[in-house]
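Add 504 to a position in the sequence shown, counting from 1, and you land on the number used in the working numbering. Glycine included, each C-beta is placed from N, C-alpha and C at the ideal position. Structure first, then comments.
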Amino acid sequence: MTLRTSLAACTVLVLSLSAAACAPQTNGASSVQTASSTAAPCFYADQVRNFRSDDRTNIYFDTGRGRIYQAQAVGICQDLDFATALTIRPQSAGKSRLCAGDWANLNVRGMSGVNGPCRVRIVKALSEAEVAALPDRIRP
């Protein structure tokens, strides 16, 4: 094999490996996307349109377009079950988006005035099935 043939063979090999590395991989998973895989993984605090809580630790945020996110409070958020308004802000300075795993501060306006801040962790974006399974009283 000549040097020219070897270089051509190496070039073809490198190009084919590069193309294979860039191809989408399913790893045996179905190519059908579920509602949870298409839900936006993050939201902006100013997108929150409504909220509900089933107790003093779980909070559900409606960010519009059918997107519902779950957050869990660390400890107890006072007046959360009687809240008429709340403000949510990312805990990290300079951030404006909230994603699963992020921490945020809630200020809750309830029957006794403004309480807070209450520290919460964003758990996840709920799938359509999870939203449908929420009882009406806690679905935002």
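Look at the alpha carbon of residue i and the alpha carbon of residue j, and state the distance between them as a whole number of angstroms.
| i | j | result |
| --- | --- | --- |
| Ala-587 | Ile-580 | 13 angstroms |
| Asp-640 | Tyr-573 | 16 angstroms |
| Ile-626 | Ser-557 | 14 angstroms |
| Met-615 | Leu-584 | 10 angstroms |
| Asp-606 | Arg-643 | 22 angstroms |
| Ala-608 | Leu-590 | 12 angstroms |
| Ser-648 | Gln-551 | Residue coverage of the chain in this structure runs from 505 to 644, which leaves residue 648 outside it and unanswerable. |
| Tyr-548 | Gly-598 | 13 angstroms |
| Ala-555 | Asp-566 | Just to set this straight, residue 555 is Phe in the shown sequence, not Ala. If I take the Cα positions, the gap works out to 6 angstroms. |
| Leu-610 | Gly-620 | 6 angstroms |
| Gln-595 | Arg-560 | 20 angstroms |
| Arg-553 | Gly-568 | 7 angstroms |
| Gly-570 | Ala-604 | 17 angstroms |
| Leu-638 | Lys-628 | 14 angstroms |
| Cys-622 | Ala-633 | 29 angstroms |
Quick one: what does DSSP say residue i is sitting in, helix, strand or coil?
| i | result |
| --- | --- |
| Val-714 | The requested residue 714 is not part of the displayed model; the chain covers only 505 to 644. |
| Arg-569 | coil |
| Ile-563 | strand |
| Ala-589 | strand |
| Arg-641 | helix |
| Gln-551 | helix |
Do residue j and residue i come within 8 angstroms of each other at the CB atom, strictly closer than that value?
| i | j | result |
| --- | --- | --- |
| Ala-575 | Val-635 | no |
| Leu-630 | Cys-546 | no |
| Ala-577 | Ile-563 | yes |
| Gln-582 | Val-612 | yes |
Tell me, which residues are paired with residue i by DSSP?
| i | result |
| --- | --- |
| Ile-626 | Ala-575 |
| Pro-594 | Ala-608 |
| Cys-546 | Cys-603 |
| Val-618 | Arg-613 |
| Arg-648 | The chain is shown from 505 up to 644; residue 648 falls before or after that span and cannot be answered. |
With a threshold of 8 angstroms between beta-carbons, can residue i be considered close to chain B, or not?
| i | result |
| --- | --- |
| Ser-557 | As a matter of chain content, chain B is missing from the structure shown, which is built from one protein chain. |
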